[in-house]
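Once you know that position 86 of the sequence shown is 86 in full-length UniProt numbering, the rest is easy, because the numbers rise by one and skip nothing.
From the three backbone atoms N, C-alpha and C, an ideal C-beta is built for every residue, glycine too.
Here is the structure we will look at.
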Amino acid sequence: MGRLIAATLFLLIFTLLHSSHACPKCPYPTPSIPHPKHHPKHPPKVKPYPKPKPHPPKPPVVGPPKPPPVVPPPLPPVVVPQPPPYVKPPPVPPVVGPPKPPPVVYPPVPPVVGPPKPPPVVYPPVPPVVGPPKPPPVVYPPVPPVVGPPKPPPVVYPPQPCPPPPPPPPKETCPADTLKLGACVDLISGMIPIRIGADAKSTCCPVLQGLADLDAALCLCTTIKAKLLNLNLVLPVALELLIGCGKSLPPGYQCPA
1 MGRLIAATLF LLIFTLLHSS HACPKCPYPT PSIPHPKHHP KHPPKVKPYP
51 KPKPHPPKPP VVGPPKPPPV VPPPLPPVVV PQPPPYVKPP PVPPVVGPPK
101 PPPVVYPPVP PVVGPPKPPP VVYPPVPPVV GPPKPPPVVY PPVPPVVGPP
151 KPPPVVYPPQ PCPPPPPPPP KETCPADTLK LGACVDLISG MIPIRIGADA
201 KSTCCPVLQG LADLDAALCL CTTIKAKLLN LNLVLPVALE LLIGCGKSLP
251 PGYQCPA
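Okay, here's the thing in structure tokens:
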């Protein structure tokens, strides 16, 4: 059956190739002439399908016997060596250094006293500047008074007592001897960096003996100003001299301007 199909296919292919090569340059295809069918005189012999031969059963493949499983001997337990117990080192004694030297005490430095300040420069008075005369004032017509509603009566308050009169200012003139006071001030100005001694008290105290406390201070202030001395340097020494002569002054006393 298979051979018949193969022969039929081969015949058909050969017919097609022959018809295509018959007229290679014809514009129209050549019609194929039908061939009469040839009936085979005898039907093809078909061999019977061979019966499959029975295969004998194969014996099972038996391999060599497996060896018994190898059981390893039990391993001994792993013993980890423990470190020795930690022992703290003995405490380190504190480091004691040599004793510190005693602090150096310097002697007190005496205050530096500068030279006395020069007397103030007195300038001549400046004459007043006279400008042009002012224009006469503009006189406006009088404005009639505006009469408003009557004012309420004034409120009468009780009379207040009058404040006491201020104390009389200290006298600007000194009743003591000016020459003796000048000698006293010269002694005081020469003893500024030194303490007041017995010479200054014996010279100044008799001059200030009969004066009041404030009058004696005023006399010394006037003499210091007349000699153009520095009040900031001489006045504290002069007030100390007054206290040494038995005079009492208010705290923070300053010379009048």
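Any idea if residue i is buried or exposed, counting beta-carbon neighbours within 10 angstroms, 16 or more meaning buried?
| i | result |
| --- | --- |
| I13 | exposed |
| C162 | exposed |
| T222 | buried |
| I224 | buried |
| L75 | exposed |
| V129 | exposed |
| V109 | exposed |
| V96 | exposed |
| V185 | buried |
| L11 | exposed |
| L242 | buried |
| L16 | exposed |
| L9 | exposed |
| L235 | buried |
Taking the Cβ atom as the reference point for each residue, do residue i and residue j lie within a distance shorter than 8 Å?
| i | j | result |
| --- | --- | --- |
| C245 | K201 | yes |
| A216 | L208 | yes |
| L211 | A238 | no |
| P255 | L233 | The amino acid occupying residue 255 in the given sequence is Cys; Pro does not appear at that position. It is not a contact, given that the beta carbons lie outside the stated cut-off. |
Who are the near neighbours of residue i in its chain, counting only those whose CB is closer than 8 Å to its CB and skipping five residues on each side?
| i | result |
| --- | --- |
| S248 | D213 |
| P168 | In this prediction, P168 has a pLDDT of 49, which is less than 50 and means its spatial position is unreliable; what the coordinates show is noted afterwards. If we look at P168 and ignore the five residues flanking it on each side, it has no Cβ neighbours. |
Less than 7 Å between C-beta atoms, sequence neighbours within five positions excluded: which residues of the same chain meet that for residue i?
| i | result |
| --- | --- |
| P99 | none |
| A183 | T203 |
Give every residue of the same chain whose Cβ lies closer than 6 Å to the Cβ of residue i, excluding the five residues on either side of it in the sequence, and list them in chain order.
| i | result |
| --- | --- |
| V87 | none |
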